[in-house]
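*Asks:* Top to bottom, those sequences are chains B and Z. Going by the working numbering, the first sequence opens with residue -15, and the numbers climb by one from there. Going by the working numbering, the second sequence opens with residue 6, and the numbers climb by one from there.
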Amino acid sequence: MIAPYLVLLTAFGIIPVIVAAITSMEPSTLNPGGGPLNYLQALQDFRFLPALGNVGIFLLLYVPSMLIVVALMSLLLDAVRGRWNLPLRLAYIVPASLTGATSVLVWYFLLEPTLSPYKDVLHALGITQGGQIWTSGNLAWIFALMAFFTGAGNWIVVQYGSLQSISDDILEAARIDGANAWQIGWHIKLPLIKKYLVYMGILVFAAGLQVFVEPQLISSSVYPGLASNWSLNQLSYSFAFQSNNLGGAAALSLMLLIVCIIGAVFVIFRTDFFEGSGVKEK
Amino acid sequence: MTTAVETRPIIDRATAHVEMPEKRNTAGRVGHTAVWIVLLVYGLLSVIPMVWLLIAPSKNATQLNSDNPFSFGSFANYGAAWEHLLTFQNGVIIQWLVNSVVYSFAIVVLSCVSAILAGYALAATAIPFKRTLLIVTLVAMIIPPVALVIPLFIEISTLQLFDTPAAVILTSSFYPFGVFLAYIYFTTSIPKELYEAAKVDGAGEFTTFWRIALPLSKGLFGMLAFFSFSATWVNYFLPYVLLGSAENYTLPVGLGVLFSSTPALNPGNGAQQSVIGRPEIALAGLIVAIPILIVFLLSSRLLVRGVLAGSVKS
Chain B
-15 MIAPYLVLLT AFGIIPVIVA AITSMEPSTL NPGGGPLNYL QALQDFRFLP ALGNVGIFLL
45 LYVPSMLIVV ALMSLLLDAV RGRWNLPLRL AYIVPASLTG ATSVLVWYFL LEPTLSPYKD
105 VLHALGITQG GQIWTSGNLA WIFALMAFFT GAGNWIVVQY GSLQSISDDI LEAARIDGAN
165 AWQIGWHIKL PLIKKYLVYM GILVFAAGLQ VFVEPQLISS SVYPGLASNW SLNQLSYSFA
225 FQSNNLGGAA ALSLMLLIVC IIGAVFVIFR TDFFEGSGVK EK
Chain Z
6 MTTAVETRPI IDRATAHVEM PEKRNTAGRV GHTAVWIVLL VYGLLSVIPM VWLLIAPSKN
66 ATQLNSDNPF SFGSFANYGA AWEHLLTFQN GVIIQWLVNS VVYSFAIVVL SCVSAILAGY
126 ALAATAIPFK RTLLIVTLVA MIIPPVALVI PLFIEISTLQ LFDTPAAVIL TSSFYPFGVF
186 LAYIYFTTSI PKELYEAAKV DGAGEFTTFW RIALPLSKGL FGMLAFFSFS ATWVNYFLPY
246 VLLGSAENYT LPVGLGVLFS STPALNPGNG AQQSVIGRPE IALAGLIVAI PILIVFLLSS
306 RLLVRGVLAG SVKS
C-alpha cells in the first residue's frame, strides 16, 4: 500500500537530490574541469553576496514580524471568544488566497499611488508615483510585506486552533489565583504554544530563504531588471537558464537545500514538536 | 461559543478583590475595546486587497484611475475585460484555465490517494524501515517545495519530460505533508483495536483498509484535498521552470506572461498597443484567486478545528 508513495518519494524527493549532487560536479564553460570548484564558483559569483544580503534582510524583517504578529493576534483572537470570532477568522484567511503571482499583482496595485485603495495614505506620505516606492533599497521591505500578508492570516488561525487545545482547568486555576487576561496570555498561553511558534518560525524561515516568485515577476514585467538576481533562488535560476551553468545552479540549490534540511532535522530532533508521533525513539 | 458567557464573570470576580475595583473595571473595558479595535483593523487590512480586486474589473482603465478605489463600475465591464483577455494570443487564457483545472485535479487525486494509502500503511501495518520512512517524510514535509525545483528540472530534462503536463503532475503529486497528516490520523483518531479485530477475523491488510479505515476517513480526505489543491492551484515556480510552451502553462504562469507583455503596468514596456490593460490584468488575477478563496471559505470548519493542534497531539 505504501508503494505509490514510495515511488513518488524516491522519484521526486530523493533522486532529484542525487541528480543535483552529480550535476553539481559536472564541468561547465566556466569550470571545464568540473568537480567541487562549482560550489566555490557559485559562492564567489559577484551576484552571490548581494543576493545573500537581500535574502538576509528579507528574512530579518519577515520571520520576526511573523512570529510577533501571529503570536499576538492569535492570543488576542483567543481572548474574545464569541460570535464575532468566526467572521474575524474568515477575514484573516482571505489574504492567503492571494499568493504567488496574484500577490505580486495585487501589491503592484496596492502600492501604485494613482489607483491604490490606500492612495490617500500614500499621497499623505508624499508618494505620488510608483517609482518612489519601487526602489532597490525598498525591495526587501516590499517582498517581506507581500510574504507577511500572504502567510500571517492563515498562521493566526492555525495558532488560534492550538490555543483551543489548552485545557480549561489550567486557565481556570490561573484566574482563581488572580491572574488577569494579559498575565494569562503572557505567562500561560504563550509558553504553551511556544513549540507551535518555533515550528512555524522554522517553516517560515525555510520558505523565506527560497524566495523567488516576487522578485522574479517584478523584474520580468513591471520594473524590468529592478530585482533580477535579487534572491539566491533567482541566481540559481540564472545559472541554469541564462549562463547555461547547470553545475553551478545545482551546487547553489543544494547548498540552500542543506540549510533547509538542517532546519528540518532541528525541528524533528531538537524540539518536542513531533513528540509522540513515533519518530523519536522512546 | 458558550465560553464567553462563563469567562466574563470569572474575570470580573478576579479583578473584584483588587483594591480599586471600579478603576480596574474601566481599565479592563478600555483594554477590551483596544483588543477589538486591533482585531477589526487587522480584519479590514486582510479583506481590503480582495475587495478591491473583486471590484477593480468593474471599471475601465480611466475609471480605475479617476474614481474612488472602492466605487463599483458596471457588470458590463467584467464582460468587456474578459473579451479583451480572450484576444490575447488567440484566447490562450482558456487553455491555461483548462490546464490548471486538469493538472490540479490529477494532482489532488494522485497525491491524496498515495498519501492516504501510505499514511495507513505506516500507522497500521508492519513495514520495514518504518521510522526511517517517517523521518524522511518529515524532512521532505518541512523543506519548502521550491527548494527542489532546480534539481527536479535537471531530473525532468534527463527523463525527457520537460514541457509536458506529466512533468508538473507527477512532481507535484509527491505529498509528504499529506502522508504525515494521514499517518497521524490513522494512529490517533481510529482505535488500534479496530484494525486488530478485523485482522483477527481474517481480513487482509487491504480489506481492513478498505472496509474499516477508508469509510472513517472522509474528513481526512477533505483536509488532504484542501491542502493539496490550495498549494497546487497557485504554484508558480515549478510549472514556470518545468514547462516551456505557452499552451502548456497554468493560470499563475500565464498571469506572469500577461504581466510582462502588457504596457499597462509599465509604460516602458514598449509602445505596442495592447487591449490588455489594468482591468484585464486585475480580472486575470481574480480568476486565479477566486477558486482558492471559495475553497478556503468552504473549508473554514477544518481550519477552525486547528490543523496543528488536532493532528500533532499524541
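Every residue gets a Cβ at the ideal spot worked out from N, C-alpha and C, and that includes glycine.
Tell me which residue opens and which closes the alpha helix (DSSP H) that F231(Z) is part of.
*Replies:* 223 to 238
*Asks:* Do you know whose CA, among S162(Z), V113(Z), A287(Z), T213(Z), lies nearest V3(B)'s CA?
*Replies:* S162(Z)
*Asks:* Do you know how far the Cα of L44(Z) is from the Cα of M57(B)?
*Replies:* 7 Å
*Asks:* Under 7 Å, do R283(Z) and A129(Z) count as touching if we go by C-beta distance?
*Replies:* no
*Asks:* Could you name the residues of the stretch 51 to 75 of chain B whose beta carbon sits closer than 9 Å to any beta carbon of chain Z, in the order they occur along the chain?
*Replies:* Cβ proximity to chain Z below 9 Å picks out V53, L56, M57, L60, L61, A63, V64, R65, G66, R67, W68, N69, L70, P71, L72, R73, L74, A75 from the stretch 51 to 75 of chain B.
*Asks:* Tell me whether Y207(B) sits in a helix, a strand or coil according to DSSP, three-state version.
*Replies:* Coil, per DSSP.
*Asks:* Scan the stretch 47 to 63 of chain Z for residues whose Cβ lies nearer than 9 Å to a Cβ of chain B and list them as they occur along the chain.
*Replies:* Y47, G48, L49, L50, S51, V52, I53, P54, M55, V56, W57, L58, A61
*Asks:* Check whether chain Z comes within 7 Å of S220(B), counting only Cβ atoms and requiring the distance to be less than that.
*Replies:* Judged by the 7 Å Cβ criterion, S220(B) is in contact with chain Z.
*Asks:* Evaluate I154(B) with the Cβ neighbour count: other Cβ atoms within 10 Å of its Cβ, from every protein chain shown; 16 or more gives buried, anything less gives exposed.
*Replies:* exposed
*Asks:* Can you list the alpha helix (DSSP H) stretches of 4 or more residues lying completely in the stretch 155 to 226 of chain Z, in chain order?
*Replies:* 170 to 177, 181 to 193, 197 to 205, 210 to 213
*Asks:* Can you give me, in chain order, the residues of the stretch 68 to 79 of chain Z that have a beta carbon less than 8 Å from any beta carbon in chain B?
*Replies:* L69, N70, P74, F75
*Asks:* Which residues, in chain order, does the stretch -3 to 17 of chain B contribute to contact with chain Z at a C-beta distance below 7 Å?
*Replies:* G(-3), I(-1), P0, V1, V3, A4, T7
*Asks:* Which of the three DSSP states is assigned to A39(Z) in this structure?
*Replies:* Helix, per DSSP.
*Asks:* Residues in the stretch 241 to 253 of chain Z with C-beta within 7 Å of chain B's C-beta atoms, listed in sequence order?
*Replies:* Y241, F242
*Asks:* Near M50(B), what residues of its chain come up, given a Cβ to Cβ distance below 8 Å and the 5 sequence neighbours on each side ignored?
*Replies:* F132, G135, A136, W139, M184, G185, V188
*Asks:* For V46(Z), count neighbouring C-beta atoms within 10 Å of its own C-beta (all shown protein chains included) and say buried if the count is 16 or more, exposed if not.
*Replies:* Under the 10 Å beta carbon count, V46(Z) is surrounded by fewer than 16 other beta carbons and is classified as exposed.
*Asks:* Is the beta carbon of I242(B) within less than 6 Å of some heavy atom of the ligand NAD?
*Replies:* This structure lacks the ligand NAD; in fact it carries no ligand of any kind.
*Asks:* Between D62(B) and L147(B), what straight-line distance do the alpha-carbon atoms span, to the nearest angstrom?
*Replies:* Each residue's alpha carbon lies about 7 Å from the other.
*Asks:* Is the stretch 108 to 127 of chain Z touching the stretch 223 to 240 of chain Z in the sense that three or more CB pairs, one from each, lie closer than 8 Å?
*Replies:* yes
*Asks:* Mind listing which residues of the stretch 96 to 110 of chain B have their C-beta closer than 7 Å to chain Z's C-betas, in chain order?
*Replies:* The stretch 96 to 110 of chain B vs chain Z, Cβ under 7 Å: T98, L99, S100, P101, K103.
*Asks:* For A85(B) versus Y241(Z), is the C-beta distance shorter than 7 Å?
*Replies:* A85(B) is a Cβ neighbour of Y241(Z), given a cutoff of 7 Å.
*Asks:* By the criterion of Cβ-Cβ separation under 8 Å, what are the contact partners of Q194(B) in chain Z?
*Replies:* Contacts between Q194(B) and chain Z, judged by CB atoms closer than 8 Å, involve P149, V151, A152 in chain order.
*Asks:* Return no unless some Cβ of chain B is closer than 7 Å to the Cβ of V97(Z).
*Replies:* Taking a beta-carbon distance threshold of 7 Å, V97(Z) does not count as an interface residue toward chain B.
*Asks:* So which residues of chain Z does N217(B) contact, with C-beta pairs closer than 7 Å?
*Replies:* V151
*Asks:* Alpha carbon to alpha carbon, how far is A276(Z) from T267(Z)?
*Replies:* Since pLDDT at A276(Z) reaches only 45, below the 50 mark, its modelled position is unreliable, and the value read off the structure follows with that caveat. Taking the straight line joining both Cα atoms gives about 10 Å.
*Asks:* Residues of chain Z with CB closer than 8 Å to the CB of M(-15)(B), please, in chain order.
*Replies:* L122, A123, Y125, A126, T130, E210, F211, F214
*Asks:* Would you check if there are 3 or more beta carbon pairs closer than 8 Å linking the stretch 143 to 150 of chain Z to the stretch 240 to 255 of chain B?
*Replies:* Pairwise C-beta distances place the stretch 143 to 150 of chain Z in contact with the stretch 240 to 255 of chain B, as three or more of them are shorter than 8 Å.
*Asks:* Can you list, in chain order, the residues of its chain whose CB lies under 6 Å from that of E285(Z), leaving out five sequence neighbours each side?
*Replies:* A86, H89, L90
*Asks:* List, in order along the chain, the chain Z residues whose C-beta lies closer than 7 Å to that of V78(B)?
*Replies:* S51, V52, M55, L298
*Asks:* Hey, is T86(B)'s beta-carbon within less than 7 Å of any beta-carbon in chain Z?
*Replies:* yes
*Asks:* Going along chain B, which residues have a C-beta under 8 Å from F158(Z)?
*Replies:* A224
*Asks:* Any beta carbon of chain B sitting closer than 7 Å to that of G261(Z)?
*Replies:* yes
*Asks:* If distances are taken between C-alpha atoms only, which option among V293(Z), W41(Z), R216(Z) comes closest to L72(B)?
*Replies:* W41(Z)
*Asks:* Return the chain-ordered ranges of every alpha helix (DSSP H) run that is complete within the stretch 46 to 113 of chain B and spans a minimum of 4 residues.
*Replies:* 69 to 77, 84 to 94, 103 to 108
*Asks:* Beta-carbon within less than 8 Å of L70(B)'s beta-carbon, same chain only, minus the 5 sequence neighbours each way: which residues are those?
*Replies:* The beta carbon of L70(B) sits closer than 8 Å to none of the beta carbons in its chain outside the five residues before and after it.
*Asks:* Mind checking P26(Z): buried by the 16 CB within 10 Å criterion, or exposed?
*Replies:* With a pLDDT of 45 at P26(Z), under the threshold of 50, the predicted position of this residue should be treated as unreliable, though the coordinate-derived value follows. Its Cβ having fewer than 16 others within 10 Å, P26(Z) is exposed.
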